[in-house]
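A.B. asks: In the working numbering, the protein residues as written are 3 to 193.
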Amino acid sequence: MKALPVEPSNAPVAIGPRIRLARQARRMTIEQVAGATGLTKGFLSRVERDLTSPSVASLLTLCQVLSISIGDLFTAPATELTRWRDAPSVNLGGTGITERLVTPRAERRVQVIRAVIEPRGSGETELYSVDCDVEVLHVARGRFVLEFAGETMDLCEGDTVTFPGQEPHSWRNPADEEAVVLWTLVSPSAS
């Protein structure tokens, strides 16, 4: 059997911006990285702008200091599309609500749920919490009331509330019109 000859690509791999993002995510300056790696600030600046390519040894040192895998620099980021027609239904409780998970099922760092609430629809009668670190509620259309133990928030279209996921709450649509909200749930490992 004859092997298929594959020509190598001469397209440069842009690792500089990924190195810069990793450095910024760790809140490190170029000066700090230079001090930790023994590389010059000018060299690091050129690497981050893809004006020069580091040696394998320099790249390994950079990755160690930035706590990233060398493979992460060369792997294309995973991009997943969830079409509305394919978004699975979920049920977090309440009446008069239709909820769909619009992020991929396997995504555990963050989940976005689009909910359509019928007029006068409501959540549980008892306050509840969700197993996540942070919740973000955005009112895309209509009115929405978010209830906490000591506070009630009357929200309008365009309003967004961020609160701890463990905070007991409930909700209701006070209007005679449908409301649409987006719940974003951030897992503890993502924050």
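For every residue, glycine included, the Cβ atom is placed at its ideal position computed from N, Cα and C.
The alpha helix (DSSP H) with proline 19 in it runs from where to where?
C.D. replies: Numbered from its first residue, the sequence shown carries residue 19 at position 17. Taken as a continuous stretch (DSSP letters only), the alpha helix (DSSP H) holding proline 19 covers 18-27.
A.B. asks: Roughly how many whole angstroms lie between the Cα atoms of valine 104 and threonine 84?
C.D. replies: Position 102 of the sequence shown, counted from the first residue, corresponds to residue 104. Position 82 of the sequence shown, counted from the first residue, corresponds to residue 84. Cα to Cα, valine 104 sits roughly 6 Å from threonine 84.
A.B. asks: What's the C-alpha gap between glutamine 113 and arginine 107?
C.D. replies: Translated into positions along the sequence shown, residue 113 becomes position 111. Translated into positions along the sequence shown, residue 107 becomes position 105. Taking the straight line joining both Cα atoms gives about 8 Å.
A.B. asks: Reducing DSSP to helix, strand and coil, say where cysteine 158 ends up.
C.D. replies: Translated into positions along the sequence shown, residue 158 becomes position 156. It is a strand residue.
A.B. asks: Mapping the DSSP letters down to three states, classify proline 190 as helix, strand or coil.
C.D. replies: Residue 190 sits at position 188 when you count from the first residue of the sequence shown. DSSP places proline 190 in helix when its eight states are reduced to three.
A.B. asks: So, do the region 144-154 and the region 71-84 have three or more beta carbon pairs nearer to each other than 8 Å?
C.D. replies: Short answer: they don't touch.
A.B. asks: Taking the Cβ atom as the reference point for each residue, do valine 183 and alanine 117 lie within a distance shorter than 9 Å?
C.D. replies: Position 181 of the sequence shown holds residue 183. Position 115 of the sequence shown holds residue 117. Result yes, Cβ atoms of valine 183 and alanine 117 sit closer than 9 Å.
A.B. asks: Which residues bound the beta strand (DSSP E) around leucine 64?
C.D. replies: For this step, residue 64 is matched to residue 62 along the sequence shown. Element bounds for leucine 64: not the beta strand (DSSP E) but the alpha helix (DSSP H), 58-68.
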